[in-house]
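The opening position of the sequence shown corresponds to residue 3 in the numbering used here, with each subsequent residue numbered one higher.
C-beta atoms are modelled at their ideal positions from N, C-alpha and C, and glycine is treated no differently.
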Amino acid sequence: MKSQSEVSPDAIEFEYDLAEPPEKVWRALTVPELLAAWMMPNDIRPQTGSRFAIAGQDAAIECEILDAEPERLLRYSWHEKSDDAAHPLDSTVTFTLARTVSGGTHLRIVHDGFARKAMPAVAMAGAGCRLSLRGAGTPIAANTPRLLLLHAA
């Protein structure tokens, strides 16, 4: 597994400092109804090896839980069929949660294998992702400058 400093160049990264404790953030990531409220409808079960689907725009996104450490780490594969059937989006999503000094959560999200394949969606990710337990703010990718350079390459 890659460390935080070893993120692949085609990953997008988001980092948040949330007032809510890791227990509450974990629930937002792993309870189907709560995850659907900020992402898409799904049937997630946060157990290593379990498979689940996320309702994508055109077809279901097939996922498998690769790691699940309650209130600390959630990592799953992401297989999304695209218009180009020969080149589906196969990637990995990792959520890392750490309790802050104030009792809140530092949340880091890394979507490996995403940026080069789905660069047009990066702008939508910042505008459309509503990951906020308070409803405040629009998330911006932590590595936006690097992504723009990748897209230009």
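- Within the same chain, Cβ atoms closer than 8 Å to the Cβ of ARG29 are found at LEU36, the five residues on either side in sequence being excluded.
- Taking LEU99 as reference, the option from PHE16, ALA13, PRO24 and ASP12 with the minimal CA-CA separation is PRO24.
- With respect to the 8 Å criterion, GLY51 and GLU82 are not classified as neighbours on the basis of their beta carbons.
- For GLU64, the three-state secondary structure derived from DSSP is strand.
- Its chain contains THR32, PRO34, LEU37 and PHE54 as the residues whose beta carbon lies nearer than 7 Å to that of ILE46, once the 5 sequence neighbours on both sides are disregarded; these appear in chain order.
- The shortest CA-to-CA distance from THR96 to any of GLY106, VAL103, PRO90 and SER79 is the one to SER79.
- Rounded to the nearest angstrom, the Cβ distance from ALA13 to VAL112 is 5 Å, consistent with a contact under 8 Å.
- Shown here for ARG77: same chain residues with a beta carbon closer than 6 Å to its own, the five before and five after excluded, namely LEU68, ASP69 and THR96 in chain order.
- Taking the Cα positions, CYS65 is about 18 Å away from PRO72.
- DSSP lists TYR78 and HIS113 as the bridge partner or partners of VAL95.
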